[in-house]
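Following: one structure in structure tokens, then a few remarks.
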Amino acid sequence: MPAEPIRVLFLCTGNSARSQIAEALLGVLGGSDFAAFSAGTEPHDLNPLTVRVLAEAGIDWSAARSKPVTEFLGQPFDYVITVCDRARQTCPFFPGKHKSIHWGLDDPAEVEGSKEKKLAAFRRARAMLEVRLVPFVEEARAARR
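Okay, so the sequence shown: first residue is 3 according to the working numbering, each after it adds one.
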């Protein structure tokens with residue numbers, strides 16, 4: 003009988019970029035070993051550049067939506083990962099045994115300038131999350147054994 007998937011919740015303020023990208027990437031990198039979710043403390047609409055940079059990575063994220071963190075209160079998680087300082091400060095309490103991790107990343111949605119400059123910021127965020135997720139996946143799998 004296969005083990006239950008490792009449940010991971012990514013939190014940021016708006017749930018429009020960083021946490022969405024992390025959720026999508028973990029779904030690919032972790033496969034069926036993980037159940038990835040994301041939410042925001044003050045959710046905004048999903049940023050179209052999030053969908054675009056994920057499409058560039060071969061991930062169709064067009065049906066995704068921003069979700070409030072309250073949607074997940076009371077649910078158990080193995081890991082709660084904040085990807086911005088504001089979300090870390092306002093993260094609600096999640097019951098049960100889980101590990102809290104903080105990956106402070108700049109918000110690509112806050113970048114000003116040309117579309118190319120904004121797109122570059124989203125690509126950097128995607129790359130930085132992938133760099134963090136690859137070892138995270140291996141460590142979480144190893145901890146489960």
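C-beta: ideal position from N, C-alpha, C; glycine also.
For Phe79, there is no enclosing alpha helix (DSSP H), as DSSP marks it with neither H nor E. Of the other Cβ atoms in all chains shown, fewer than 16 fall within 10 Å of the Cβ of Gly115; this residue is therefore exposed. Secondary structure note for Gly42: its beta strand (DSSP E) is the uninterrupted segment Phe36 to Gly42. Contact annotation: the segment 118-131 touches the segment 50-62, with at least three C-beta pairs closer than 8 angstroms. By the 16-neighbour rule on beta-carbons within 10 angstroms, Pro110 is buried. Counted as a single uninterrupted DSSP element, the alpha helix (DSSP H) harbouring Leu31 occupies residues Arg20 to Leu31.
Looking at the backbone, the Cα of Val30 and that of Lys69 are separated by about 20 angstroms. Here Lys101 carries a strand assignment [DSSP, helix/strand/coil].
Inclusion of Ala38 and Leu48 in the CB contact set at 9 angstroms is not warranted, their separation being larger than that value. Here the alpha carbons of Gly16 and Val10 stand approximately 18 angstroms from one another. The Cβ neighbour count for Arg128, taken over all protein chains shown within 10 Å, is at least 16; the residue is labelled buried. Scanning its chain for C-beta atoms nearer than 7 angstroms, with the 5 sequence neighbours on each side dropped, one finds around Glu132 the residues Leu27, in chain order. With 16 or more other CB atoms across the displayed protein chains lying within 10 angstroms of its CB, Leu107 is buried.
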